[in-house]
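**Student:** Before I ask anything, let me first share the structure, which is written out below as structure tokens.
There are 2 protein chains.
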Amino acid sequence: MTLVQLRYLVAIADAGLNITLAAERVHATQPGLSKQLRQLEDELGFRLFLRKGKSLQGVTAAGESVLHRARTILAEAGNILAIAANLRCEAQGSLRIATTHTQARFALPDVVGAFTRRHPEVSVHLNPGREAGVLPQLRAGGVDLAVVSGSGGPPLTGIALPAYHWNRTIVVPKDHPFARRARPPSLEELAAQPLVGYESSMLPDSALQRTFVAAGLRPRIAMTAGDGDLIRTYVREGLGVGVLAEMAVSPDERDLVALPADHLFDRCTTWIVLRDGLVPRDYLLDFIHEFAPHIDPRDVRRVVSGEATAGWPAAPHWRQRGGRTAQETT
Amino acid sequence: MTLVQLRYLVAIADAGLNITLAAERVHATQPGLSKQLRQLEDELGFRLFLRKGKSLQGVTAAGESVLHRARTILAEAGNILAIAANLRCEAQGSLRIATTHTQARFALPDVVGAFTRRHPEVSVHLNPGREAGVLPQLRAGGVDLAVVSGSGGPPLTGIALPAYHWNRTIVVPKDHPFARRARPPSLEELAAQPLVGYESSMLPDSALQRTFVAAGLRPRIAMTAGDGDLIRTYVREGLGVGVLAEMAVSPDERDLVALPADHLFDRCTTWIVLRDGLVPRDYLLDFIHEFAPHIDPRDVRRVVSGEATAGWPAAPHWRQRGGRTAQETT
DNA sequence: CGCGTTTACGTCGTTCGTAACGATA
DNA sequence: TATCGTTACGAACGACGTAAACGCG
């Protein structure tokens, strides 16, 4: 058993049991992976994958167990390399971030921009995905950190750092009745309108839905999207009233009017979540500092290394970052 | 970085920085280890060990961190091999147990005897040591399981299974005043006598000492030993009154009289402690079943694999095992 | 001078990539 | 027939053990 064999094994599993694809990803040849996999199976004395003819059709029960341990081993091996790279003050590296579209589109551009200016040698890999898929990616070790939002407490996976708070915002066309009134709508008035919102917010167990249910209301969902831009577009089209994150609404929105909704819905928190047991590269702590300046990087280091437990200062509320971003002004 | 290099690294650390000794232990040559260590250090780009001339004088701070991760990696690699060996129903293997002298001498002989008859291919390695050194051995991965005693709750390290309960016993020579009376001595009477007991029991923070302190008493320690045999020997010599585990006293003790002490001191529990994250070989579960038959092996497997949390049935009280052991009848 | 580490060197095993073959949908 | 996995082979690298040299107490 060698580290290379375990690396190949995990690569094959992550490539959906396609050895050829896995070989490309690890920069090796396909026969090499085939042979190493066979040798590993021979040494262990059992099949790691179920085979149908020559192709791999699934993972055996024992294979799953071995895979899990192989991932742990590779993560720790990566940690050792991270320690070495930190000591050498190695500038290059990669930073893989799993997050939702909203964060990637509105909260992260400034942060990533400032980060890449400070660390031009680090290749940032943004991995936007569905709300539900972000934390599993972190657990599987596919990314170094995740940026997720929620109105409850911190997520259970990994080490969670509060980055900022934000409220939901109601968006209507300029000619909508809501836009002509002085006061923002009540929950009842909102529930009477067709709604356009995030996919995740419209799930039955989401905080937004639970707010309606608690008030005995059943809102009508006209459309959902994973994307604030899409939501605003369809609100412009008159599909309904938009409910989205305040970050996704710029102050000078043409055709649209943004109304506060913090009197209706609980405040949300955006969390930076680090993988458990990860040894962070120094630039990763820099990234966190850029994103959440209210958190002392030394505290992060202490918590990550297991010397202390979390006890973070209160996060600030979202504010439009200094200057308009290129994206926002288009 | 290879698994072999990490194995050599850990071996060198465990051999007290003696590369030659480490080489013997891993069945390799000393220049081989030297070279692999150098290559690993070259790859990481920093020294893992502090050197004075050619000899190793200590571990660097980063080296400690790498060592810790290397141990994790090797433990997981061992787990993978254990999964394989279990699937192959491999009979041979080793079972390394860290425990105290009392357990090794009085509680374990029957268990180990029955175990080796069922598993003749498994080499059992008993590692008796001081009370304080048992759990650290488990944490460091030097042994597969530990057998420890305490009067409080389960130890914090690893997964603890209650094996049995026991009480302390007072032992005096046949001509001692205590032996001629009908009722056993009170705590005050006991504190007035010079005591002979276990080293660990006589520490200021031990349960036994705390019992005396709670009663406002300060006992006089005549002698301590790590060993019930020694304690009895010196009690025979008239050095004082012995306080030891009931397992260490056979019913027909010549020259000595055993008096109950369960009215004076809290009941103790002997725990089987498994290393966190260890994948147990099947024979290890057999060993546990032999030692603690009241525990369902399937529950152990579930807890070890992380599927369930501990909730163990009440352990029985110590009883002299069926038949007299060869040791006890001499 | 003994112990322990490093260096040097020759041999062996292993891995890797290229290329051809085979099976499967 | 196109795609994917296996087998075959040759070249090159790397690890290992033996033997000798070096430093240190």
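Taken in order, these protein sequences are the chains called A and B. Under my numbering, the residue at position 60 of the first sequence is numbered 60, and the numbers go up by one with no gaps. If you want my numbering, it's the 1-based position in the second sequence plus 1000. Each residue gets a CB set at the ideal place from its N, CA and C atoms; glycine is no exception.
(1) Would you kindly check if the distance between the Cβ of tryptophan 1166 of chain B and the Cβ of glutamate 1246 of chain B is under 8 Å?
(2) Would you give the residue range spanned by the alpha helix (DSSP H) that isoleucine 1083 of chain B belongs to?
(3) With C-beta atoms as the reference, is phenylalanine 49 of chain A less than 8 Å away from glycine 63 of chain A?
(4) What would DSSP say about threonine 1002 of chain B, mapped onto helix, strand or coil?
(5) DSSP three-state label for phenylalanine 1049 of chain B, please.
(6) Tell me arginine 1096 of chain B's beta-bridge partners as DSSP assigns them.
(7) Count the other CB atoms, across all protein chains shown, that sit within 10 Å of the CB of valine 1196 of chain B; report buried if there are 16 or more and exposed otherwise.
(8) Please go through the same chain and pick out, in chain order, the residues whose beta-carbon is closer than 6 Å to the beta-carbon of alanine 1258 of chain B, but skip the five residues on each side of it.
(9) With distances taken Cα to Cα, identify the nearest neighbour of glutamine 1193 of chain B among B:Ala1207, B:Asp1014, B:Leu1203 and B:Phe1212.
(10) Quick one: what's got a C-beta closer than 6 Å to threonine 1330 of chain B's C-beta in the same chain, skipping five residues either side?
(11) Report the neighbours of leucine 1087 of chain B on chain A: residues whose CB is nearer than 9 Å to its CB, in chain order.
(12) Is glutamate 76 of chain A near arginine 1069 of chain B, with beta carbons less than 8 Å apart?
(13) Given that glutamate 121 of chain A touches chain B, what residues does it touch there, using C-beta distances under 8 Å?
(14) Which term fits alanine 1160 of chain B, buried or exposed, when burial requires 16 or more other beta carbons within 10 angstroms of its beta carbon?
(15) Between which two residues does the alpha helix (DSSP H) containing valine 1203 of chain B stretch?
(16) Can you check DSSP and say which residues form a bridge with methionine 223 of chain A?
(17) What residues in the stretch 1065 to 1078 of chain B have a beta carbon less than 8 Å from any beta carbon of chain A?
(18) Do glutamine 1092 of chain B and glutamate 1131 of chain B have their CB atoms nearer than 8 Å?
(19) Would you call glutamate 43 of chain A buried or exposed, if buried means 16 or more other Cβ atoms sit within 10 Å of its Cβ?
(20) Once the 5 residues before and after asparagine 1086 of chain B are set aside, which same chain residues still bring their CB inside 7 Å of it?
(21) Using a Cβ cut-off of 8 Å, pull out every chain A residue sitting near methionine 1247 of chain B, in sequence order please.
(22) Could you say if the stretch 1233 to 1242 of chain B and the stretch 1096 to 1107 of chain B meet the contact criterion of at least three C-beta pairs nearer than 8 Å?
(23) So is histidine 1119 of chain B buried or exposed if we call it buried at 16+ other beta carbons inside 10 Å?
(24) Please check the pair alanine 1015 of chain B and arginine 1025 of chain B, which I expect to be a contact at CB under 8 Å, by giving their CB distance rounded to whole angstroms.
(25) So which residues of chain B does isoleucine 80 of chain A contact, with C-beta pairs closer than 9 Å?
(26) If we call anything under 8 Å between Cβ atoms a contact, is leucine 126 of chain A one with leucine 108 of chain A?
(27) Smallest Cα separation from proline 1316 of chain B: which of B:Gln1137, B:Thr1269 and B:Gly1226?
(28) Can you give me the C-alpha to C-alpha distance between alanine 326 of chain A and lysine 1054 of chain B, rounded to a whole angstrom?
(29) Quick check on valine 1249 of chain B: does DSSP put it in helix, strand or coil?
(30) Could you check which residue in A:Gln30, A:Leu203 and A:Asp110 has the C-alpha nearest to that of glutamate 290 of chain A?
(31) Using only the alpha-carbon positions, how far apart do glutamine 1045 of chain B and isoleucine 80 of chain A sit?
(32) Please classify serine 1149 of chain B as buried or exposed, where buried requires at least 16 other C-beta atoms within 10 Å of its C-beta.
(33) For histidine 27 of chain A, count the other beta carbons within 10 Å of its own beta carbon; 16 or more makes it buried, fewer makes it exposed. Which is it?
(34) Does the beta carbon of alanine 91 of chain A sit closer than 8 Å to a beta carbon anywhere in chain B?
**Tutor:** The answer reads as follows:
(1) Indexing the second sequence from 1 puts residue 1246 of chain B at position 246. Indexing the second sequence from 1 puts residue 1166 of chain B at position 166. A contact, by the Cβ cut-off of 8 Å.
(2) Position 83 of the second sequence, counted from the start, is the residue given in the question as residue 1083 of chain B. Here the alpha helix (DSSP H) through isoleucine 1083 of chain B covers 1061 to 1087.
(3) One-based indexing of the first sequence puts residue 49 of chain A at position 49. One-based indexing of the first sequence puts residue 63 of chain A at position 63. With respect to glycine 63 of chain A, phenylalanine 49 of chain A sits close: the two C-beta atoms are nearer than 8 Å.
(4) Taking the first residue of the second sequence as position 1, residue 1002 of chain B is located at position 2. DSSP places threonine 1002 of chain B in coil when its eight states are reduced to three.
(5) Numbered from its first residue, the second sequence carries residue 1049 of chain B at position 49. Here phenylalanine 1049 of chain B carries a strand assignment [DSSP, helix/strand/coil].
(6) Counting from 1 along the second sequence, the entry for residue 1096 of chain B is found at position 96. BP columns for arginine 1096 of chain B point to B:His1125.
(7) In the second sequence, counting from the first residue as 1, residue 1196 of chain B sits at position 196. Around the beta carbon of valine 1196 of chain B, 16 or more other beta carbons lie within 10 angstroms, which makes this residue buried.
(8) Counting from 1 along the second sequence, the entry for residue 1258 of chain B is found at position 258. Thr1169, Val1171 and Val1249, listed in sequence order.
(9) On the second sequence, position 193 is the one that residue 1193 of chain B refers to. Of the candidates B:Ala1207, B:Asp1014, B:Leu1203 and B:Phe1212, B:Phe1212 places its Cα closest to the Cα of glutamine 1193 of chain B.
(10) Residue 1330 of chain B sits at position 330 when you count from the first residue of the second sequence. For threonine 1330 of chain B, the predicted model reports a pLDDT of 31, less than 50, meaning its position is unreliable; a value from the coordinates is still stated below. Closer than 6 Å at Cβ, skipping near neighbours: no residue.
(11) Start at 1 with the first residue of the second sequence, and residue 1087 of chain B comes out as number 87. One finds Leu44, Gly45, Phe46 and Ala62 in chain A with Cβ atoms closer than 9 Å to the Cβ of leucine 1087 of chain B, taken in chain order.
(12) Locating residue 76 of chain A in the first sequence gives position 76, counting from the first residue. Locating residue 1069 of chain B in the second sequence gives position 69, counting from the first residue. It is a contact, given that the beta carbons lie within the stated cut-off.
(13) Taking the first residue of the first sequence as 1, we reach residue 121 of chain A at position 121. By Cβ distance, chain B contributes nothing, its closest Cβ being about 16 Å from glutamate 121 of chain A, past 8 Å.
(14) Numbered from 1 along the second sequence, position 160 holds the residue referred to as residue 1160 of chain B. Answer is buried; the Cβ neighbour count reaches 16.
(15) Locating residue 1203 of chain B in the second sequence gives position 203, counting from the first residue. The sequence shown places leucine at residue 1203 of chain B, rather than the valine named in the question. Per DSSP, leucine 1203 of chain B lies in no alpha helix (DSSP H) segment and is marked neither H nor E.
(16) Against the first sequence, residue 223 of chain A aligns to sequence position 223. Paired residues: A:Val196.
(17) Look at the stretch 1065 to 1078 of chain B: the residues with a C-beta under 8 Å from a C-beta of chain A are Ser1065, Val1066, Arg1069, Ala1070, Thr1072, Ile1073, Glu1076 and Ala1077.
(18) Locating residue 1092 of chain B in the second sequence gives position 92, counting from the first residue. Locating residue 1131 of chain B in the second sequence gives position 131, counting from the first residue. Cβ distance not < 8 Å, so glutamine 1092 of chain B and glutamate 1131 of chain B don't count as in contact.
(19) Taking the first residue of the first sequence as 1, we reach residue 43 of chain A at position 43. Exposed.
(20) For the purposes of this step, residue 1086 of chain B is taken as the residue at position 86 of the second sequence. Cβ neighbours of asparagine 1086 of chain B beyond the five flanking positions: Arg1281 and Asp1282.
(21) Along the second sequence, one-based indexing puts residue 1247 of chain B at 247. Result: empty, since nearest Cβ-Cβ is about 38 Å, beyond 8 Å.
(22) These segments do not touch.
(23) Working through the second sequence from its first residue, we reach residue 1119 of chain B at position 119. Its Cβ being crowded by 16 or more others within 10 Å, histidine 1119 of chain B is buried.
(24) As a working mapping, residue 1015 of chain B is identified with position 15 in the second sequence. As a working mapping, residue 1025 of chain B is identified with position 25 in the second sequence. That belief holds up - the Cβ atoms of alanine 1015 of chain B and arginine 1025 of chain B are roughly 6 Å apart, short of 8 Å.
(25) Taking the first residue of the first sequence as 1, we reach residue 80 of chain A at position 80. Below the 9 Å Cβ cutoff, chain B contributes Met1001, Leu1006, Leu1044, Ser1065, Val1066, Arg1069, Ala1070 and Ile1073 as neighbours of isoleucine 80 of chain A, in chain order.
(26) Counted from its first residue, the first sequence places residue 126 of chain A at position 126. Counted from its first residue, the first sequence places residue 108 of chain A at position 108. At the C-beta level, leucine 126 of chain A and leucine 108 of chain A come within 8 Å of one another.
(27) Taking the second sequence and counting its residues from 1, one reaches residue 1316 of chain B at position 316. The shortest C-alpha separation from proline 1316 of chain B is found at B:Thr1269.
(28) For the purposes of this step, residue 326 of chain A is taken as residue 326 along the first sequence, with counting starting at 1. For the purposes of this step, residue 1054 of chain B is taken as residue 54 along the second sequence, with counting starting at 1. Low confidence applies here, because alanine 326 of chain A scores a pLDDT of 37, under 50, leaving its location unreliable and the question unanswered by this model.
(29) Residue mapping note: residue 1249 of chain B aligns to position 249 of the second sequence, counting from 1. Here DSSP, grouped into helix, strand and coil, assigns valine 1249 of chain B to coil.
(30) Locating residue 290 of chain A in the first sequence gives position 290, where the first residue counts as 1. Out of A:Gln30, A:Leu203 and A:Asp110, A:Asp110 has the C-alpha closest to the C-alpha of glutamate 290 of chain A.
(31) Looking up residue 1045 of chain B in the second sequence gives position 45. Looking up residue 80 of chain A in the first sequence gives position 80. Position check: residue 1045 of chain B holds glycine in this sequence, whereas glutamine was assumed. C-alpha separation (whole angstroms): 11 Å.
(32) Walking along the second sequence from the start, residue 1149 of chain B turns up at place 149. With 16 or more other Cβ atoms within 10 Å, it is buried.
(33) Position 27 of the first sequence, counting from 1, holds the residue named residue 27 of chain A. Under this definition histidine 27 of chain A is an exposed residue.
(34) Counting from one through the first sequence, the residue named residue 91 of chain A turns up at place 91. Judged by the 8 Å Cβ criterion, alanine 91 of chain A is not in contact with chain B.
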